[in-house]
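Student: Pasting a structure below so you can have a look.
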Amino acid sequence: MEAGAIVSVVGIVLGQGNRLVDLIITLKHARSDIEDRAVKIESYWRRTQVQLDFARSTWAGLREEHQASQISILSLLQSKIKYAEQRVEGLLKKQKDGNASPDARRKLKLTKYLLVKPYLDSLISELAQWSAIYDPSWFLIMKIANPKIDDELKRLTSSSSKEATVLLRRATKVRAAISKTESSDTHVFLSPAELDRMEKRRVPHSQATIAREHSATTSYIVDSIPCPGHSNADTMAQDIRRLARKLRAVDPAVFGVLRCRGVVKMRHVTGSRVASFDMIFDTPSAGTPMSLRNSLLMQQPHSLTDRFALAKRIATSVNYVHTLAFVHKGIRPENFISFLSPTAEDDLTLGSFYLIGFEQVRSEDGNTYLRGSANWEQNMYRHPERQGSFPEERYKMQHDIYSLGVCLLEIGLWSPFVLYDHNGRISGPGQAFEVSAADLRGFSPAAFKDLLVGLAKRRLPPIMGNTYTEVVVDCLTCLDADNDEYEEISEVEDQDGVVVGVKFINQVLLKLNEISV
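Take 1 as the starting number for the sequence shown in UniProt numbering and just add one per residue.
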């Protein structure tokens, strides 16, 4: 794609956006509540300006698929800004009626503010939504091995606004963490005393633990990665150090992944070997942690708006895990947790979920431990190629995408695929499959996948609509030979994972964001 295309689009968008912000700034000193909204809009725009400038400067290093995706998303922003500019001009024009009496002008002024406030709120919401759509494509640039990207990050960081500088520094940290070059920030291992002095309890229906220091309000999530006796602890330690570095660089609110504070090597009771690597994560609030599995089991009704937001959130977290250049290998409801505020009014609240459960680590050089699990409740979320104790295929990003599809199907049906008894033990498969537990266990991996695809095609459209159904089916069939959207991608041609990343953004994130209720 010609470089002139991005120059033209960015030039138009920047021009329109600057005019819009200039118009809104004229309202800045009118009233404090209007001023607050104007400042927020200006802040969003300064951040967007820097992102567009960066994309324009690094355009030549982007793959054609990535460029096309960027143009599509920028065109969406262009239409939003054009409409917003026309609306604001119209609202301001109403006040400039020179023939009106003083009393009429006062009424016009009051009416203008009554109209402006909700409109500015709407504009803030739209800019936030657009940022959520664009950020995944923008952060994907950080995976590209091109020195121009490093140069532009340095240039813009030294000359940008406060809001934009925060974004650029985050991007710089992400890029450094993705690189294979060890930095000074490689000391991630903490003393076991860090955990010994904390009170711990298991998060219901999750492998995670909540840890809190005695008489302290600060809490942490502890995610334990077992180190079996046959494993090479030194090799695992290297992989986990790299993983922890990456998870230190995240912005939890944007990435949907908790920030790693450090790792503790927990030794076997004999003291002879490492039994596990316990990753410690900061929590976004003092709220009570709840797994997505727990929310599904409660069977409380939630609005479609909340369920679509949940689907977008967990899809976004999977995307950013891939942006950080590793695969998760355990995408299932037990590994998403939210933090409910103590002041939450009722059980109908769905909080913001974060992806945890990094119990299986893939080496950064692309190697993967060819181990699996015989547990049916875990295999249920795995592609047929990856099921069983000795899966036939090495893990790749499309396997995570398949697992996400199973989770999205479960959210769409809002019926748990795995049931637990009152003691918290797994008791069997859920009723959503419309077959008995005995029959279900007799399904081959391929037959079970076909069952899921059939459920999605038959039951999702009347509940979640055609677009959501299309996303789920695309995820579940992403490795099928006849899936044109996720056609076979050579890992030699896509060593940095950008091609798969762009396809995921286009086929999952953008389509989910098209849905409105």
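Just so you know, even glycine gets a beta-carbon here, dropped at the ideal spot from N, CA and C.
Mind checking whether L355 and V257 have CB atoms under 7 angstroms apart?
Tutor: L355 places its beta carbon less than 7 angstroms from that of V257.
Student: Quick check: Y220 and I144, are their CB atoms within less than 7 angstroms of each other?
Tutor: no
Student: Quick check: M397 and V321, are their CB atoms within less than 7 angstroms of each other?
Tutor: No, Cβ-Cβ distance for M397 and V321 is not below 7 angstroms.
Student: Going residue by residue through the stretch 279-309, where are the continuous alpha helix (DSSP H) segments of at least 4 residues, counting only ones entirely within it?
Tutor: Here the runs fully enclosed are 292-298.
Student: A260 bridges to which residues according to DSSP?
Tutor: It should be noted that the sequence gives Cys, not Ala, for residue 260. DSSP, once it has assigned bridges, lists F281 as partnering C260.
Student: Output the residue ranges of the alpha helix (DSSP H) runs that lie fully inside the stretch 436-475 and measure 4 residues or longer, sorted by chain position.
Tutor: 437-441, 445-459 and 461-464
Student: So is S184 buried or exposed if we call it buried at 16+ other beta carbons inside 10 Å?
Tutor: With a pLDDT of 48 at S184, under the threshold of 50, the modelled position of this residue cannot be trusted, and the question is left open.
Student: Going by DSSP, what residue range makes up the beta strand (DSSP E) through Y220?
Tutor: S219 to P226
Student: To which residues does DSSP link F433 through a beta bridge?
Tutor: Beta-bridge pairing links F433 to no other residue.
Student: Would a C-beta distance cut-off of 7 angstroms place P333 and L292 closer than the cut-off?
Tutor: yes
Student: Excluding five sequence neighbours on each side, which residues of the same chain lie with their C-beta closer than 8 angstroms to the C-beta of D421?
Tutor: If we look at D421 and ignore the five residues flanking it on each side, its Cβ neighbours are S427.
Student: Whose C-beta lies closer than 8 angstroms to the C-beta of Q16 among residues of the same chain, with five residues either side of it excluded?
Tutor: Excluding its 5 nearest sequence neighbours in each direction, Q16 has C-beta neighbours in its own chain below 8 angstroms: Q78, I81, K82 and E85, listed in chain order.
Student: Identify the continuous beta strand (DSSP E) that holds Y420 and give its terminal residues.
Tutor: Residues V418 to Y420.
Student: Can you find the residues in the same chain that come closer than 7 angstroms, C-beta to C-beta, to I12, ignoring five residues on each side of it along the sequence?
Tutor: Q78
Student: Could you pull the DSSP bridge partners for L355 from this structure?
Tutor: By DSSP's assignment, L355 forms a beta bridge with V257 and F336.
Student: Residues bridged to V274 by DSSP?
Tutor: R267
Student: By DSSP, does L108 sit in helix, in strand, or in coil?
Tutor: Caution is warranted here: a pLDDT of 46 is assigned to L108, below 50, making its placement in the model unreliable, and no coordinate value can be reported.
Student: Between E385, A177 and I411, which lies nearest to P445 when the distance is taken from Cα to Cα?
Tutor: E385
Student: Could you please give me the residues that DSSP links to K200 through a beta bridge?
Tutor: A211
Student: When the Cα atoms are used, what is the spatial distance from V471 to S215?
Tutor: 46 angstroms
Student: So G405 is in the alpha helix (DSSP H); what residue range does that whole segment cover?
Tutor: M397 to L413
Student: Under 8 angstroms by Cβ, that's how I've got R63 and V498 pegged, so tell me the actual separation to the nearest angstrom.
Tutor: 6 angstroms
Student: Quick one, which of L340, H205, P462 and S285 has its alpha-carbon nearest E377's?
Tutor: H205
Student: Can you tell which of S131, R37, S161 and F54 has the C-alpha that lies nearest to the C-alpha of L76?
Tutor: In terms of CA proximity to L76, S131 leads the group S131, R37, S161 and F54.
Student: If we cut at 7 angstroms on Cβ distances, does Y320 have a partner in chain E?
Tutor: The structure shown contains no chain E, having only a single protein chain.
Student: If I measure Cβ to Cβ from D103 and keep anything under 7 angstroms in the same chain, skipping five residues before and after, which residues do I get?
Tutor: Residue placement at D103 is flagged as unreliable, the pLDDT there being 49, under the threshold of 50; the coordinate-derived value follows with that caveat. Cβ within range, chain order: n/a, list empty.
Student: Leaving out five residues before and five after Q207 in sequence, what residues of the same chain have Cβ atoms less than 8 angstroms from its Cβ?
Tutor: D223, S224, E334, N335, G357 and E359
Student: Straight-line CA distance for A447 to M464?
Tutor: 24 angstroms
Student: Once the 5 residues before and after N506 are set aside, which same chain residues still bring their CB inside 7 angstroms of it?
Tutor: A distance below 7 angstroms between beta-carbons, with the five flanking residues on each side excluded, links N506 to the following residues of its chain, in chain order: S69.
Student: To the nearest angstrom, how far is it from the Cα of M298 to the Cα of L304?
Tutor: 17 angstroms
Student: With contact counted as at least three CB pairs below 8 angstroms, one residue from each stretch, are the stretch 407-421 and the stretch 430-438 in contact?
Tutor: yes
Student: Would you tell me roughly how many angstroms separate the C-alpha atoms of K154 and Y381, rounded to the nearest one?
Tutor: Near 42 angstroms, if we compare the C-alpha coordinates of Y381 and K154.
Student: Would you mind working out which of T157, R202, V254 and P192 sits nearest I133, comparing C-alpha positions?
Tutor: V254
Student: Write down the C-beta distance between K310 and L350 rounded to the nearest angstrom, noting that I regard them as a contact closer than 8 angstroms.
Tutor: Residue identity check: residue 310 is Leu in the sequence provided, not Lys. Indeed they touch by this definition, with Cβ atoms about 6 angstroms apart.
Student: What's the gap between the Cα of L195 and the Cα of S72?
Tutor: Per the coordinates, the alpha-carbon of L195 lies some 48 angstroms from the alpha-carbon of S72.
Student: Can you give me the Cβ contacts of V517 inside the same chain, cut-off strictly under 7 angstroms, excluding the 5 residues immediately before and after it?
Tutor: L304, T305 and F308
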